[in-house]
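S.K.: Right, I'll just put the structure down here and ask away after.
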Amino acid sequence: MKHQTGERFKKIADEMFDGNVSEMARMMGMTPQSFNKYAQGETLPGGVILKRVISLGINLNWLLAGIPPMMISDMKGSGVQELKESERIEAQDEGMDYFSHINESQLSETERDLLAEARQFSNSLKKFPLPLQVKRLMLELMIEHISQEIERLRNTDP
């Protein structure tokens, strides 16, 4: 299944790197072949890639959900609704423990490592004043990314 983030990665390359996807990949610390999986919509970005996208000044709301504007620098005065402090606190506290139901004793060491990465990503989301629905979408993408990685590992393990 192709993901819409692929088209958005291509748009970033078009607008910031004159369409040079290889240059964008290098700027993100990736090989062009690895980045191509994101640009084709075959792979969803995980926490490390999302941090690199932020470092380029890209609005994650736009990358993940298509909510404009594309650039973080364009967010003020562009119709992006600012959350009130009380809404931010509520969004941080509400429903952010997505992992409490997981029995870690049934996981392999690799799966536990991936779960720790997801927990770390979830905790880092609490620091950003994003709407709860965007945080949930980001976690869902992270979880899908981890599921893909677990499946890949299970297919390569003897």
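Using this note's numbering, read the sequence shown as starting at 24 and increasing by one per residue.
Backbone N, C-alpha and C define an ideal beta-carbon position, used for all residues, glycine too.
Everything numeric in this text was worked out from a predicted model, so none of it was measured.
On the DSSP bridge assignment, give the partners of methionine 94 in chain order.
M.R.: As a first step, residue 94 must be located in the sequence shown, where it is residue number 71. Paired residue(s): Ile81.
S.K.: Might you give, ordered along the chain, the residues of its own chain that have their beta carbon closer than 8 Å to the beta carbon of lysine 33, omitting 5 neighbours on each side?
M.R.: Residue numbering aside, residue 33 sits at position 10 when the sequence shown is read from its first letter. The residues are Val44 and Ala62.
S.K.: Please report the straight-line C-alpha distance between aspartate 166 and aspartate 41, rounded to a whole angstrom.
M.R.: Against the sequence shown, residue 166 aligns to sequence position 143. Against the sequence shown, residue 41 aligns to sequence position 18. According to the sequence as given, residue 166 is isoleucine; it is not aspartate. Computed Cα separation, rounded: 32 Å.
S.K.: Under the three-state reduction of DSSP, which class applies to proline 154: helix, strand or coil?
M.R.: To locate residue 154, count along the sequence shown from 1; it is residue 131. Residue state, collapsed to three classes: coil.
S.K.: Would DSSP call lysine 34 helix, strand or coil?
M.R.: On the sequence shown, position 11 is the one that residue 34 refers to. DSSP places lysine 34 in helix when its eight states are reduced to three.
S.K.: Let's see if you can read the secondary structure: which residues bound the alpha helix (DSSP H) around asparagine 43?
M.R.: As a first step, residue 43 is located in the sequence shown; it is residue number 20 there, counting from the start. Counting along the chain, asparagine 43 falls outside any alpha helix (DSSP H), and DSSP gives it neither H nor E.
S.K.: Alpha carbon to alpha carbon, what distance is there between methionine 98 and leucine 83?
M.R.: Here residue 83 refers to the residue found at position 60 when the sequence shown is read from its first residue. Here residue 98 refers to the residue found at position 75 when the sequence shown is read from its first residue. Rounded to the nearest angstrom, the two C-alpha atoms are 11 Å apart.
S.K.: Can you give me the C-alpha to C-alpha distance between arginine 49 and isoleucine 173, rounded to a whole angstrom?
M.R.: Within the sequence shown, residue 49 is the residue found at index 26, counting from 1. Within the sequence shown, residue 173 is the residue found at index 150, counting from 1. If I take the Cα positions, the gap works out to 26 Å.
S.K.: For the candidate residues Ala88, Met53, Glu38 and Asn59, whose alpha-carbon lies nearest to that of valine 157?
M.R.: Here residue 157 corresponds to residue number 134 of the sequence shown, with the count starting at 1. With distances taken between Cα atoms, valine 157 lies closest to Ala88.
S.K.: Around the Cβ of proline 91, are there at least 16 other Cβ atoms within 10 angstroms (buried) or fewer (exposed)?
M.R.: Residue mapping note: residue 91 aligns to position 68 of the sequence shown, counting from 1. By the 10 Å Cβ count, proline 91 comes out exposed.
S.K.: Specify the secondary structure class of asparagine 126 as computed by DSSP and reduced to three states.
M.R.: Position 103 of the sequence shown, counting from 1, holds the residue named residue 126. Coil, per DSSP.
S.K.: Output yes or no for whether 9 Å exceeds the beta carbon distance between threonine 66 and histidine 26.
M.R.: Translated into the one-based positions of the sequence shown, residue 66 becomes position 43. Translated into the one-based positions of the sequence shown, residue 26 becomes position 3. It is a contact, given that the beta carbons lie within the stated cut-off.
S.K.: Taking the alpha-carbon positions, what's the glutamate 108 to arginine 177 distance?
M.R.: Locating residue 108 in the sequence shown gives position 85, counting from the first residue. Locating residue 177 in the sequence shown gives position 154, counting from the first residue. Residue placement at glutamate 108 is flagged as unreliable, the pLDDT there being 38, under the threshold of 50; a coordinate-derived value is accordingly withheld.
S.K.: Cα separation between glycine 29 and lysine 150?
M.R.: Residue 29 sits at position 6 when you count from the first residue of the sequence shown. Residue 150 sits at position 127 when you count from the first residue of the sequence shown. Rounded to the nearest angstrom, the two C-alpha atoms are 26 Å apart.
S.K.: Using CA coordinates, which residue listed in Gly80, Ile95 and Gly64 is at the minimum distance from histidine 168?
M.R.: Stepping through the sequence shown from its first residue, residue 168 is reached at position 145. The residue with the shortest Cα to Cα distance from histidine 168 is Gly64.
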